[in-house]
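*Asks:* Numbering-wise (the working numbering), the sequence shown opens with residue 1 and increments by one.
Structure provided below as structure tokens; questions to follow.
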Amino acid sequence: MKNHWRQRLFALLLCLCLLPVTALGEEPDMSVTRSDFQLSFKLHADAFPPDGQTDFSGWEEFLQKLSLEGVADTQRLLDPFDRAYFEGDLKLNGRSVIP
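The structure is reproduced here in structure tokens:
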């Protein structure tokens with residue numbers, strides 16, 4: 001009788017220990033994350049020592065006119081089966097140059 005009682009107690013404890021494992025079988029979150037972004041570039045020409053070959057002030061002026069704007073929709077980011085959708089423009093002076 002005692003041995004039968006111990007087996008039932010052991011089976012119950014084993015079931016309770018394995019209960020958290022069922023949480024690993026949940027479906028991943030399928031929600032979509034939308035990100036609106038604007039990436040601009042800046043350069044300070046006076047931060048570079050003059051070398052006589054590179055026009056850093058010209059680069060500074062050009063990069064201030066350049067920006068990347070868009071929307072990115074991601075689902076299950078950093079997962080082997082992730083999905084990403086990107087729509088954006090490379091803009092020069094606020095006008096779309098490369099969609």
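Cβ atoms here follow ideal geometry from the backbone N, Cα and C, with glycine treated the same way.
Because the structure is a prediction, the values reported are computed rather than measured.
(1) Using DSSP bridges, identify the partner residues of aspartate 89.
(2) Can you check which of these residues, Pro49, Arg83, Phe10, is closest to alanine 72 by C-alpha distance?
(3) Given a cut-off of 9 angstroms, decide if leucine 63 and leucine 39 are closer than it, judged by their beta-carbon atoms.
(4) Does lysine 65 pass the burial test, meaning 16 or more other C-beta atoms within 10 Å, or should it be called exposed?
(5) How is the beta strand (DSSP E) around glutamine 38 delimited, first residue to last?
(6) Please classify arginine 8: does DSSP put it in a helix, a strand, or coil?
(7) Which same chain residues end up closer than 6 angstroms to alanine 45 when comparing Cβ atoms and leaving out the 5 residues on each side of it in sequence?
(8) For glutamine 53, does the three-state DSSP call read helix, strand or coil?
(9) How many Å lie between phenylalanine 37 and glycine 70 at the Cα?
*Replies:* On the basis of the supplied data:
(1) Your numbering for residue 89 matches position 89 in the sequence shown. Beta-bridge pairing links aspartate 89 to Glu69.
(2) Your numbering for residue 72 matches position 72 in the sequence shown. Comparing Cα positions, the closest option is Arg83.
(3) On the sequence shown, residue 39 is found 39 positions in, with the first residue counted as 1. On the sequence shown, residue 63 is found 63 positions in, with the first residue counted as 1. Going by C-beta atoms, leucine 39 is not nearer than 9 angstroms to leucine 63.
(4) For the purposes of this step, residue 65 is identified with residue 65 of the sequence shown, where counting begins at 1. So lysine 65 counts as exposed.
(5) If you number the sequence shown from 1, residue 38 lands on position 38. Where glutamine 38 is concerned, the enclosing beta strand (DSSP E) stretches over 32-40.
(6) Position 8 of the sequence shown, counted from the first residue, corresponds to residue 8. If DSSP states are grouped into helix, strand and coil, arginine 8 belongs with the helices.
(7) To locate residue 45, count along the sequence shown from 1; it is residue 45. If we look at alanine 45 and ignore the five residues flanking it on each side, its Cβ neighbours are Phe56, Ser57, Glu60.
(8) One-based indexing of the sequence shown puts residue 53 at position 53. Residue state, collapsed to three classes: coil.
(9) Against the sequence shown, residue 37 aligns to sequence position 37. Against the sequence shown, residue 70 aligns to sequence position 70. Computed Cα separation, rounded: 6 angstroms.
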